[in-house]
Amino acid sequence: MLVDAHVHIGKSTRLQIDVDGEHLVRVADELGFEKICCTDLTALFYDMHEGNRLLYEEMKKFPDRIIGYASLHSTRFGDEALEELDRCANDYGMRGLKIYSTPQMSIAEPATIPILEKTVELRFPVLAHATPLECEYLMAAVPECRLMMAHAAAQPFAHGDWNRAIMAAKTYPNLYLETASSTIDTGFLETCVRELGPEKIIFGTDIPLLDPYFQLSKVRDTNVAEDGLKKILGGNILRLLGLA
Amino acid sequence: MVLDVNAFIGKWPYWPVPITSPEAIAQKLAEWGIDRACICSTRSLFVNWEDGNVEAGRAACERPDVLIPFACLGTFELSHRAANRHHDLAQYRAQGFRGARLYPQHHSYHPLFESFIDVICDQAAALQFPVLLSMRAIMNWGVPSLEFSSMFGLVERHPRVPWILSGVNYLHEIRASAAFLKKYEMVHLETSCVMGYEAISKVVEECGYEQILFGSAAPLQHGRASLEKIWNARISDAAREAICCGNARRLLQV
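If you read the protein sequences in the order shown, they are chains A and B.
Going by the numbering used here, the first sequence opens with residue 2, and the numbers climb by one from there.
Going by the numbering used here, the second sequence opens with residue 125, and the numbers climb by one from there.
In structure tokens:
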């Protein structure tokens, strides 16, 4: 089963995006993705309550296709954020958390720790748009948290340094690497698998920011063995979500 | 037939890419579905551009059925000594090179404030010799990039050059490229770093397909993945064929 672990839904001025579940499911159909794990952009960048509620409405339309990640637009809302996570898990049926870090407002700070502890309690995996250094800070604080480093450092704030991401994931058993990126460096996946094993690699595309076809190709059209690819392209994320 | 206007030979200093020899590159390109490729040596980017051109020329002689050499050009002034030498694109063309490449971000010069660049551009316009101007060698943030305004400022200054805009990725960069494609018929866009959602089809819809060229930055980037975004773009078969080969054949006269 193909599962995309990194998808966005909703609206963003900065990213110039406005897509709904219907559009995303149509794209998923074209690519053969059976499930897509979605984050609402309003929840991620503006208001968590409004955005997570919007995502829940889309999940209800496509219950077999859209898996919801709760999002927090900031980690600095204390108990309000923890209550929102409870709501997302218990009322909305979401199964993970997406958080976003920038150099100007890094999530590698004490305010994030209770949130990660809450995800452990809820059994939420966390997709973190964060650098290897930030992930190391978070993993050292909450080692039982299952953290997916979005883009595997192949993003501007981490200078595209996926080799550094591998070093971090080698150190922390619960740190996973997620593949979505506009980077298609030759040997990326083979190196990840050689150093970490296929169990720690999670396939994602970042639709509708990035073209999904080259992202599927950079994973599928490699020298990685078939059973490893099955894990990367769906098995691992389903296991983390408690769906396998 | 797939003709790639932006490939490389040579070593990659950032991380291991064990595909360096002309034979290995030709084999890998074939595996990815790329029949022919315009190459430049990474030695030209990192060590000495003239030595790299010798390497690219030799590689093309070894596999003339696959590899087409582009000359990478930089400044003659090295170690702060001015050299009494001048660029001569006609000489490169006579040696079999089909185009030139500029990487100001790797050669420590500003393309808008160096007279040798104007000399190159004037010759390229007169000879109709394609010039690939790179914003990024590959799409990775650890690799230097050329300032947006420098790229488009240089093209605006020399609109008669058969430009190949290379390494363009972000939406605002693609928007600017599209504006230039519409304004100047000699400006082309290669696709190695165009990664955005439906970006290829949107550019084609806005500008037509005659000025779009397939590029992969192989073997540093994954050649098959580069092709997949063209194969699956929402464009006509005629557009796909032109982007993958026809436009480049016309431009390069191969």
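All C-beta atoms, glycine included, are put in the ideal place defined by N, C-alpha and C.
Within a Cβ cutoff of 6 Å, which residues of the same chain sit near Y227 (chain B), ignoring the five residues on either side of it in sequence? L169, S258
To be precise: take each residue of the stretch 210-227 of chain A, compare its Cβ to all Cβ atoms of chain B, and keep it if any distance is under 7 Å. Which residues remain? L210, L211, D212, Y214, F215, S218, K219, D222
Applying a beta-carbon distance threshold of less than 8 Å, which residues of chain A neighbour Y227 (chain B)? The contacting residues do not exist; Y227 (chain B) stays about 18 Å from chain A at best.
What residue range is occupied by the uninterrupted alpha helix (DSSP H) comprising G223 (chain B)? Unbroken run through G223 (chain B) is the beta strand (DSSP E), 223-226; no alpha helix (DSSP H).
Let me make sure I understand the geometry here. Which of A:I208, A:A131, A:T206, A:T184 has the alpha-carbon closest to that of A170 (chain A)? A:A131
How would you label D361 (chain B), buried or exposed, when you count the other beta carbons within 10 angstroms and need 16 or more for buried? exposed
Would L344 (chain B) and F194 (chain B) be called neighbours here (beta carbons separated by less than 7 Å)? no
What's the C-alpha gap between L191 (chain B) and G181 (chain B)? 9 Å
Closer than 9 Å at the beta carbon, the chain A residues around Y308 (chain B): What Y308 (chain B) touches in chain A: nothing, since even the nearest Cβ is about 25 Å away.
Taking its Cβ as the centre, do 16 or more other Cβ atoms sit within 10 Å of R364 (chain B), making it buried, or is it exposed? buried
Can you check whether the C-beta of T184 (chain A) is within less than 7 Å of a C-beta belonging to chain E? No chain E is present in this structure, whose protein chains are A and B.
So for E58 (chain A), helix, strand or coil by DSSP? helix
Closer than 9 Å, Cβ to any Cβ of chain B: which residues of the stretch 140-167 of chain A, in chain order? A155, Q156, P157, F158, A159, H160, G161, D162, W163, N164
Spell out the partners DSSP gives Q247 (chain B) in its beta bridges. Q247 (chain B) is not bridged to any residue.
Can the beta-carbon of L1 (chain A) be found closer than 7 Å to that of G243 (chain A)? Examination of residue 1 (chain A) is not possible in this model, given that chain A is present from 2 through 245 alone.
Counting beta carbon pairs with one atom in the stretch 19-35 of chain A and one in the stretch 165-179 of chain A, are three or more of them shorter than 8 Å? no
Anyone know if the C-beta pair for I114 (chain A) and A142 (chain A) falls short of 7 Å? yes
Any beta carbon of chain B sitting closer than 7 Å to that of T180 (chain A)? no
K201 (chain A): buried (16+ other C-beta within 10 angstroms of its C-beta) or exposed? buried
Which chain A residues are close to L343 (chain B), counting only those with a beta carbon under 7 Å from its beta carbon? Leu is not the amino acid found at residue 343 (chain B); the sequence shown has Pro there. Here the neighbours are T187.
Are the CB atoms of M60 (chain A) and G69 (chain A) within a distance shorter than 7 Å? yes
Relative to the alpha-carbon of C193 (chain A), which residue among A:T206, A:F215, A:T223, A:P209 has its alpha-carbon at the smallest distance? A:T223
For H346 (chain B), would you say it is in contact with chain A, using Cβ-to-Cβ distances shorter than 7 Å as the test? yes
Identified DSSP bridge partners for W287 (chain B): B:V255, B:V311
Label Q215 (chain B) either buried or exposed according to how many other C-beta atoms from any shown protein chain fall within 10 Å of its C-beta, with 16 as the threshold for buried. exposed
Is there contact between the stretch 179-191 of chain A and the stretch 335-344 of chain B, where contact requires at least three CB pairs shorter than 8 Å? yes
If you measure beta-carbon to beta-carbon, which residues of the stretch 262-282 of chain B are closer than 9 Å to chain A? I262, M263, N264, W265, G266, V267
Which residues does DSSP pair with L3 (chain A) in a beta bridge? A:F34
Restricting to Cα atoms, I'd like to know which of B:A218, B:E352, B:G223, B:H210 is closest to C164 (chain B). B:G223
What is the rounded straight-line gap between the Cα of P64 (chain A) and the Cα of M106 (chain A)? 34 Å
Separation of A226 (chain A) from G97 (chain A), as counted between CA atoms: 28 Å
Hey, is the stretch 348-359 of chain B in contact with the stretch 307-321 of chain B, meaning 3+ C-beta pairs nearer than 8 Å? yes
Kindly list, in the order they appear in chain B, the residues whose Cβ is closer than 7 Å to that of I208 (chain A). Y321
Looking at T43 (chain A): is its Cβ nearer than 7 Å to the Cβ of K99 (chain A)? no
Status (buried if at least 16 other CB within 10 Å, exposed otherwise) for K232 (chain A): buried
Does N386 (chain B) have its Cβ less than 7 Å from a Cβ in chain A? What is shown of chain B runs 125 to 378, which leaves residue 386 (chain B) out entirely.
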